[in-house]
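J.: Chains as they are written, first to last, in UniProt numbering: chain A, 1 to 828; chain Y, 1 to 562. Here a beta-carbon is modelled for each residue, glycine too, at the ideal position from N, C-alpha and C.
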Amino acid sequence: MSWGEKASMMWVCPVYLDPKPSIRKETLLKEYKQKNRCSKFIDRRFGEYDTKMAPEDKILQRFTMERQRVHEKKDVYNLNEEEELTHYGQSLAEMEKFNDVVNSDDESEEKGLLSAELTASHFGGGGGLLRKKALGEEEEGGQRAKSRQELIEELIQKSKQEKRERQVQREEAQELTEKLDQDWKNIQSLMVKKTPKADKQEEKPKLEEYDMMVRELGFEMKAQPSEKMKTPEELAKEEREKLQKLEADRLRRMMGEEVVEGAQSQIHFSADDLNDGFVLDKHDKKTLAYQDGKWNMGEEEEEEEEEDEAEDEEGEGESSEEQESDAEEDEVEEEEEEEEEEEEEEGSGEDDGHSDLESEQESENEEEEEASPKPKKTLSKEEVKAQQEAAKAELPYTFAAPESYNDLKDMLRGHTSDNQRLIVARTQKSNHPSLAVGNKLKLQKLFGFLLEYIGELATRSPPELSTIDKLIPEVYALCQMFPDAACKAMQSILGDAAHSMEETLEVKGHAAFPTLDMLIYLKVTALLFPTSDFRHPVTTPALLFISQALTKCPVRSLQDLTSGLVLCSLGVEYVSFSKRFLPELINFLVGTLHLAVQDKASLGYIVVPPFRASGKYSDLLVLSSSESCRSWSKKSLPLSATQQLDLGNDPDRDTHRLTCLSTCLDLVKRCCLLYKDLPSFTHIFQPIRTLLSKHLSTQTLPEPLQELSSEIVEAISSMPVTQSALVFDKRKPIPLKLLTPKIVEVLDYGKKRGSTREEREKERLKHKYKREFKGALREIRKDSRFLAREKLNEVMNRDAERKRKVKELMGSLATQEGEWKSLKRKKK
Amino acid sequence: MAPAKKRNVSSVKTAEKSAKKAKVDLSKTVERILESRKHANDVFDILESLQAEQEKEVISAVAACSELFCALLERKELFLGKLPGEEDALSGGYSAEDKYRIFMRHRYTSCVEILLEHLSHEQYDIKESAMCCLMKFAAGEGLHPLEDLDWSEHYSFPRELIQALVDNLLSKATDNSLLISRFQEFLEMEDVRYYVMSSIRDNVGKVMDKSKGAVVPVYQNNVFTLMSSISMPNQESELTNFMVKQEAKHEDWKAAKLHEHKRVFERMWLGFLKYKLPNSMYKKVLVILHDSILPYMSKPTLMIDFLTAAYEIGGAISLLALNGLFVLIHQHNLDYPDFYKKLYNLLEPSVFHVKYRARFFHLANVFLSSSHLPVYLVAAFAKRLARLALTAPPTALLIVLPFIYNLIRRHPSCRVLIHKPSAEDGEFQTFVVGIGVLTVYELSVGYVINVCFCVVTEPFEDPYLTDEEDPAQCRALESSLWEIKSLQKHYHPDVAKAALLINTPLSEQEDDISETLEVTTYELMEKDLKQPEIKSVPLEFETATRLLKGGGDVLGQHFCLA
């Protein structure tokens with residue numbers, strides 16, 4: 001073998017260095033060597049050819065196999081004597097008996113302690129001791145030499161002593177360790193928050209006394225710092241901020257931006273508010289409310305509800321009053337009224353309180369009559385005047401929500417407008433959505449009924465507008481509660497009115513002016529919904545309706561004209577904030593002014609339908625006599641003038657005409673202010689200017705109207721007529737086309753993109769095949785190279801052998817020759 | 001015997017009974033008369049009951065008459081040729097047979113007279129049955145002519161009868177539209193239609209001459225109803241439905257030729273439109289003119305006088321006349337001088353308020369769709385419409401704004417109306433190039449050059465002349481559409497949004513205005529009312545306390561509650 005190794009060493013070349021020559025040596029070389037043999041040597045030992053097995057495993061396995069074989073053969077009949085397991089020659093059973101758990105390092109310590117003495121004494125064969133003795137002799141000098149026995153005993157003693165010392169030492173160490181452990185534990189308990197279980201158990205008895213208390217204190221509701229009472233300034237500031245926010249919101253909607261969310265809740269929270277959505281208004285002191293000594297509940301269920309609410313209300317009574325007065329700060333009269341009412345109520349409440357005890361036993365009948373929400377019933381019995389007073393005094397405090405419109409009408413019939421308002425307010429409160437499940441629906445319906453009621457009040461003759469006026473706050477409150485339902489109700493009213501108008505338009509081509517109820521509805525719409533929104537589900541159609549009425553309804557009487565002017569005023573109100581342009585408004589005002597022009601020939605302006613330049617009704621506002629101018633003074637027109645006018649004589653008529661004219665001029669003035677920013681202001685107002693300056697003879701008009709007219713003309717002419725040319729909005733310049741190459745980072749090289757899955761798979765397989773093929777070729781080459789090398793080695797070995805042998809032979813022959821020659825010479 | 005004598009029956013029931021009885025009796029009488037000539041005098045009974053007061057009786061008498069005389073016509077038992085007087089017949093040397101026929105012919109004539117009178121009866125049923133009966137006679141006469149037809153050129157048709165019928169139909173006193181609509185079914189027949197048309201023409205000529213050109217509303221209304229119920233065939237091959245078939249030379253018959261029909265139709269209409277019409281009639285005629293009159297005229301250009309006259313009237317009538325004029329200009333090469341100038345002058349605030357707004361804008365859109373229009377004209381239209389938009393209702397604005405935008409898109413040189421950059425801006429160059437292109441159109445108009453120098457940066461007064469009638473002189477190109485800028489503040493969100501488009505360059509795609517043409521205010525309103533999902537309704541945050549408060553207190557200042 002040494003030959004071969006040498007040869008291979010010789011042939012090793014760095015380039016062809018085989019990474020795994022060993023494998024070849026073990027496989028190929030062996031095969032080669034076995035090539036022409038018929039027998040071969042096989043190592044039968046376990047796992048000899050298993051390269052995967054670790055050598056230790058191999059040995060272990062072999063050992064167990066060996067043991068098994070031995071056991072099988074020898075101990076087949078050996079039943080009792082189990083083989084004694086030993087550890088380093090010591091019986092394990094013996095070791096188990098040690099009480100003291102000795103660490104293995106002790107053992108090793110002892111065992112490993114191979115002092116020179118010990119070795120010498122154990123294995124020296126006495127030589128060591130002798131030598132020592134010799135040394136000792138030399139040291140002690142003259143001491144009697146000890147016998148061998150003595151020496152041994154001494155040795156034993158010494159070793160025993162040594163052993164004891166070690167024992168002591170160990171014990172000390174153990175003690176120290178224990179102490180250390182103890183200390184560690186103490187430190188640990190400090191380091192880790194969680195106390196060890198053992199500690200907890202120790203503290204357990206204490207828990208009940210102290211810990212519990214601590215915890216109780218911890219969980220106890222602390223008196224949290226409440227918000228401090230706000231000073232009036234702070235309150236005002238807050239109010240202002242809130243309003244500013246709402247204003248900003250309104251502006252945003254006006255610009256037509258998308259509404260993010262309905263930021264409309266504007267409920268004022270008092271400090272004591274429980275934030276449960278329950279809002280109480282001032283009259284709602286039901287718990288205190290006794291009527292003639294009786295709990296004034298209408299129904300028993302309500303009584304229950306009331307009891308539930310009792311605590312809340314008691315606390316809230318005052319705050320809600322505050323709230324109410326807050327909300328209605330601006331109007332003084334109203335507040336006064338309310339206060340009066342409140343006082344009244346409180347007074348009666350006190351009275352009731354006093355009479356509580358006495359009247360406990362009063363008849364059941366009376367109570368029912370008091371409480372039942374049917375004023376109609378009581379009405380029919382009593383006298384009108386007295387009953388009104390009585391009704392006012394005995395107004396029930398709770399009302400069932402009306403199920404139908406007729407219910408509402410019955411409920412309100414015969415009451416004064418203030419009381420009607422009270423009734424509605426109490427109905428609303430006693431049916432608050434937080435009190436019962438169905439209340440929400442009931443109140444939503446109530447809103448619809450109220451609107452219907454308002455319409456009916458307006459259509460009565462004479463229209464009961466003051467009642468409507470009183471009901472407005474309630475309608476507003478309901479609307480704030482249910483915006484969606486209010487929106488729906490208003491939409492349906494507008495839709496119906498518009499639809500009927502459209503139908504008449506289709507048939508006749510023109511329509512009559514909307515009736516008073518519709519005008520009121522339009523006004524109520526403006527009160528309930530913001531008119532300045534870019535697009536609003538209620539106010540946009542309402543404005544369209546106004547515009548439709550102003551364009552399609554011909555003016556044929558002074559009533560019509562009054563209606564038209566109401567519509568115009570509404571139009572101005574609708575756009576007063578947003579300053580949106582309402583062309584129909586201007587058209588109508590021009591037309592109205594045109595009605596007052598005496599000489600209709602040669603107009604410098606164009607009248608837009610529904611007005612006509614000349615015709616039957618085109619002189620409606622021309623005064624019959626100039627006398628009336630002097631006596632005229634500005635008075636507000638009643639809204640009922642839109643429905644009927646009793647103008648018997650010419651002076652009355654003229655007064656009305658002048659009032660209309662003054663209204664119209666005032667509206668024109670307002671429009672001038674509203675639209676002064678429009679680029680086409682001058683063209684929009686050009687007809688008015690021409691009309692006022694050239695056609696409407698102002699001399700015949702009263703002084704205030706003349707002034708108004710000249711003011712308007714001045715305002716119009718003072719506006720700049722010049723405009724800069726229109727230009728598109730500046731746009732962001734379009735960036736130039738860039739010609740730098742676009743760099744795409746390729747993250748997976750070599751991967752072919754854009755082909756199908758099959759193609760890719762095929763490609764991959766091809767590639768793999770190629771690689772394998774190449775690898776195989778390389779392997780084969782390597783094999784043949786290896787074999788060639790082996791063969792060469794063999795040949796060289798063989799040659800070398802032969803040379804050696806030849807040399808040997810030649811040498812021996814030479815010596816033989818030499819010997820022979822020398823013999824020959826000798827012979828000579 | 002004659003039940004007609006039991007005329008004055010008080011109760012309705014008996015009257016009905018008697019009517020029934022009368023019907024039976026009348027039919028029996030008819031049978032008897034037809035059976036033998038002995039009973040010939042019974043015909044007087046029938047004629048008498050024809051003049052009865054009771055409706056039922058008259059109707060049954062009419063039925064009897066039609067039965068009797070149709071049968072007689074068929075049997076040729078009515079005298080042919082020129083009818084001698086009754087006395088002459090008795091005295092003259094006629095045979096008994098002839099005498100009978102003369103007698104019957106006289107009865108027939110008087111029956112026809114009575115029936116014609118009945119055409120103006122108060123009762124519609126009587127009118128109707130009389131008319132139907134007359135038409136039956138006409139058919140009978142057509143088959144068995146009462147005239148001597150020796151000469152082959154003459155075609156047999158009861159022209160006199162039709163003429164009389166038409167004369168009576170076109171009453172001067174009562175509105176016969178219902179009867180005329182019943183008559184329409186007979187107008188399906190080609191020959192009847194042909195002769196009715198010529199009768200109408202004769203009648204109109206006579207009547208209007210008599211009234212000396214003054215307006216006769218009821219009569220003209222009747223005439224119009226009758227004329228408009230005539231539906232003309234489109235092709236010669238459709239002429240198949242004849243009341244009278246001519247034996248000889250049917251093809252040569254005028255009533256069988258389409259162009260003759262057309263000529264008569266045309267003459268009839270021209271004859272009618274020649275005279276002064278009430279304004280409402282103008283509208284009615286103009287509404288149907290372009291699709292039920294003009295296509296059936298042999299020379300539609302003859303309508304030009306009428307259309308021009310109507311166009312001059314102004315207002316809605318002018319708008320309607322546009323349609324007819326358009327057909328003439330478009331299909332018949334009519335050269336209408338100053339058409340666009342007139343169209344320009346039609347643009348008044350009222351165009352946005354009239355009923356025919358949609359039609360007008362449809363047509364105006366067509367007129368202005370040509371890309372060969374001079375740019376000054378288009379600009380004038382755009383500016384004018386924008387100016388008018390200041391008074392328009394929102395529905396009209398939703399038409400006008402896209403309309404103006406379309407004009408600007410079609411004529412990119414009009415872009416200066418919404419985009420007039422100052423000289424410093426680089427776009428001035430392109431603007432001048434644009435003007436250069438303009439000059440090709442408008443070499444003669446000197447003001448175009450002025451435009452080049454008119455580009456100024458500082459504010460200037462609107463140079464547009466509102467009162468200028470000539471679009472070439474109104475200086476619209478020098479102006480800008482500030483009106484649309486103003487409309488950006490319009491109260492209706494859709495309008496405001498539409499007006500906002502001028503802030504950026506217009507898109508290439510033209511807006512389709514046909515969809516918005518018919519939108520009504522209510523539909524516009526419904527858009528907001530029927531919005532399915534309202535996230536949350538914004539509410540007024542200022543607490544409402546009084547009815548007349550809020551919104552600047554405008555209402556409260558001028559009005560009070562009571």
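Give the range of the alpha helix (DSSP H) segment to which A:Pro541 is assigned.
T.: Mapped onto the first sequence, residue 541 of chain A falls at position 541. Unbroken alpha helix (DSSP H) run through A:Pro541: Thr539 to Lys552.
J.: Taking beta-carbon pairs under 7 Å, can you tell me which members of the region 395-422 of chain Y lie near chain A?
T.: Those would be Ile418, His419, Lys420 and Pro421, in chain order.
J.: Check each candidate in Y:Val218, Y:Val223 and Y:Pro217 and name the one with the smallest Cα separation from Y:Ser199.
T.: The residue labelled residue 199 of chain Y in the question sits at position 199 within the second sequence. Among Y:Val218, Y:Val223 and Y:Pro217, the Cα nearest to that of Y:Ser199 is on Y:Val223.
J.: Is Y:Cys133 buried or exposed, if buried means 16 or more other CB atoms sit within 10 Å of its CB?
T.: Within the second sequence, numbered from 1, the residue matching residue 133 of chain Y stands at position 133. Buried is the call here.
J.: Measuring only the C-alpha atoms, how far is Y:Ala472 from A:Asp652?
T.: Here residue 472 of chain Y is taken as the residue at index 472 of the second sequence, counted from 1. Here residue 652 of chain A is taken as the residue at index 652 of the first sequence, counted from 1. About 53 Å.
J.: Which of the residues in the region 106-133 of chain Y, read from start to end, lie with their CB under 9 Å from any CB of chain A?
T.: Listed by position along the chain: nothing, the set is empty.
J.: At the 8 Å Cβ level, is Y:Met525 part of the contact set with chain A, yes or no?
T.: Numbered from 1 along the second sequence, position 525 holds the residue referred to as residue 525 of chain Y. Cβ-Cβ to chain A under 8 Å: yes for Y:Met525.
J.: Let me know the alpha helix (DSSP H) ranges lying completely inside the region 315-344 of chain Y, each 4 residues or longer, listed in chain order.
T.: 315-331, all fully within the region 315-344 of chain Y.
J.: Under 7 Å between beta-carbons, which chain Y residues line up against A:Tyr476? List them in chain order, please.
T.: Residue mapping note: residue 476 of chain A aligns to position 476 of the first sequence, counting from 1. By Cβ distance, chain Y contributes Thr543 and Ala544.
J.: So, at 7 Å on beta carbons, what are the nonlocal neighbours of A:Ile468 in its own chain, with the 5 sequence-adjacent residues on each side left out?
T.: Along the first sequence, one-based indexing puts residue 468 of chain A at 468. So the qualifying residues of the chain are Ile454, Leu457, Ala458 and Ile520.
J.: Using DSSP's beta-bridge definition, name the partner residues of A:His695.
T.: Position 695 of the first sequence, counting from 1, holds the residue named residue 695 of chain A. BP columns for A:His695 are empty, so no partner.
J.: Look at the Cβ atom of Y:Pro402, then the Cβ atom of Y:Ala498, and state whether they are nearer than 8 Å.
T.: What you label residue 402 of chain Y is simply residue 402 of the second sequence in a count that begins at 1. What you label residue 498 of chain Y is simply residue 498 of the second sequence in a count that begins at 1. Yes. Within cutoff.
J.: Using 8 Å as the threshold, is the C-beta distance between residue 615 of chain Y and Y:Met268 below it?
T.: It is not possible to answer for residue 615 of chain Y, since the shown part of chain Y is limited to 1 through 562.
J.: Could you spell out where the alpha helix (DSSP H) holding Y:Ala52 opens and where it closes?
T.: Stepping through the second sequence from its first residue, residue 52 of chain Y is reached at position 52. Counting along the chain, Y:Ala52 falls outside any alpha helix (DSSP H), and DSSP gives it neither H nor E.
J.: Can you tell me where the alpha helix (DSSP H) with A:Asn793 in it begins and where it stops?
T.: Working through the first sequence from its first residue, we reach residue 793 of chain A at position 793. Run containing A:Asn793: Arg757 to Lys827, per the alpha helix (DSSP H) assignment.
J.: DSSP on Y:Glu67, reduced to helix/strand/coil?
T.: Position 67 of the second sequence holds residue 67 of chain Y. Helix.
J.: Counting only Cβ pairs nearer than 7 Å, list the residues of chain A close to Y:Lys485.
T.: Within the second sequence, numbered from 1, the residue matching residue 485 of chain Y stands at position 485. Neighbours of Y:Lys485 on chain A, chain order: Pro679 and Leu726.
J.: Out of Y:Ser371, Y:Leu561 and Y:Phe352, which has the shortest C-alpha to C-alpha gap to Y:Pro393?
T.: For the purposes of this step, residue 393 of chain Y is identified with residue 393 of the second sequence, where counting begins at 1. That would be Y:Phe352, whose Cα lies nearest to the Cα of Y:Pro393.
J.: I'd like the ranges of any alpha helix (DSSP H) spanning at least 4 consecutive residues and lying wholly in the region 575-609 of chain A.
T.: Listed in chain order, they are 583-595.
J.: Is the Cβ-Cβ distance between A:Asp654 and A:Ser618 less than 8 Å?
T.: Locating residue 654 of chain A in the first sequence gives position 654, counting from the first residue. Locating residue 618 of chain A in the first sequence gives position 618, counting from the first residue. No, the Cβ-Cβ distance between A:Asp654 and A:Ser618 is not below 8 Å.
J.: Counting only Cβ pairs nearer than 9 Å, list the residues of chain A close to Y:Ser507.
T.: Within the second sequence, residue 507 of chain Y is the residue found at index 507, counting from 1. Within chain A, no residue comes near Y:Ser507; the closest Cβ sits about 13 Å away, beyond 9 Å.
J.: Here's a check: name, in chain order, each residue in its chain whose Cβ is nearer than 6 Å to the Cβ of A:Gly522, leaving out the five neighbours to either side.
T.: Taking the first sequence and counting its residues from 1, one reaches residue 522 of chain A at position 522. The residue you asked about is not Gly; residue 522 of chain A is Leu in the sequence shown. Ala542 and Leu570.
J.: According to DSSP, is Y:Phe460 helix, strand or coil?
T.: Against the second sequence, residue 460 of chain Y aligns to sequence position 460. Here Y:Phe460 sits in strand by DSSP.
J.: What are the uninterrupted segments assigned as alpha helix (DSSP H) that are 4 or more residues long and contained completely in the region 169-203 of chain Y, given in chain order?
T.: Within the region 169-203 of chain Y, the complete alpha helix (DSSP H) runs of at least 4 residues are 177-183.
J.: With a 10 Å radius around its C-beta and 16 neighbouring C-beta atoms as the bar for buried, classify A:Thr756 as buried or exposed.
T.: Indexing the first sequence from 1 puts residue 756 of chain A at position 756. Exposed, by the Cβ-count rule.
J.: Nearest-angstrom Cα distance between A:Thr427 and A:Leu408?
T.: Locating residue 427 of chain A in the first sequence gives position 427, where the first residue counts as 1. Locating residue 408 of chain A in the first sequence gives position 408, where the first residue counts as 1. Spanning the two alpha carbons is a distance of roughly 10 Å.
J.: A:Ala54 lies in the alpha helix (DSSP H); which residues open and close that run?
T.: Within the first sequence, numbered from 1, the residue matching residue 54 of chain A stands at position 54. A:Ala54 -> no alpha helix (DSSP H), and no H or E assigned at all.
J.: Take the Cβ of A:Gln480 as the centre, count every other Cβ of all protein chains shown within 10 Å, and call the residue buried at 16 or more, exposed below.
T.: Residue 480 of chain A sits at position 480 when you count from the first residue of the first sequence. So A:Gln480 ends up on the buried side.
J.: With Y:Gly142 as the anchor, note down where its alpha helix (DSSP H) starts and where it stops.
T.: As a first step, residue 142 of chain Y must be located in the second sequence, where it is residue number 142. Tyr124 to Leu143 is the extent of the alpha helix (DSSP H) around Y:Gly142.
J.: Please go through the same chain and pick out, in chain order, the residues whose beta-carbon is closer than 8 Å to the beta-carbon of Y:Lys136, but skip the five residues on each side of it.
T.: Residue 136 of chain Y sits at position 136 when you count from the first residue of the second sequence. Around Y:Lys136: Ser66 and Cys70.
J.: Determine whether the beta carbon atoms of A:Val538 and A:Val475 lie at a separation below 8 Å.
T.: By 1-based counting over the first sequence, the position of residue 538 of chain A is 538. By 1-based counting over the first sequence, the position of residue 475 of chain A is 475. Their beta carbons are not under 8 Å apart, which means A:Val538 does not touch A:Val475 by this criterion.
J.: Answer yes or no: does any C-beta atom of chain Y fall closer than 8 Å to that of A:Leu528?
T.: Here residue 528 of chain A is taken as the residue at index 528 of the first sequence, counted from 1. Yes, contact with chain Y.
J.: By the criterion of Cβ-Cβ separation under 8 Å, what are the contact partners of A:Pro537 in chain Y?
T.: On the first sequence, residue 537 of chain A is found 537 positions in, with the first residue counted as 1. Near A:Pro537 (Cβ distances below 8 Å), the residues of chain Y are Asp528, Leu529, Gln531, Ile534 and Val537.
J.: I'd like to know if Y:Lys257 contacts chain A, where contact means its C-beta is closer than 8 Å to some C-beta of that chain.
T.: Counted from its first residue, the second sequence places residue 257 of chain Y at position 257. Answer no: the Cβ-Cβ gap between Y:Lys257 and chain A never drops below 8 Å.
J.: How long is the line joining the alpha carbons of Y:Ile513 and Y:Ile399, rounded to whole angstroms?
T.: Counting from one through the second sequence, the residue named residue 513 of chain Y turns up at place 513. Counting from one through the second sequence, the residue named residue 399 of chain Y turns up at place 399. If you take the alpha carbons of Y:Ile513 and Y:Ile399, they lie about 6 Å apart.
J.: Does the count of Cβ pairs from the region 785-802 of chain A and the region 23-37 of chain A closer than 8 Å reach three?
T.: Yes, they touch.
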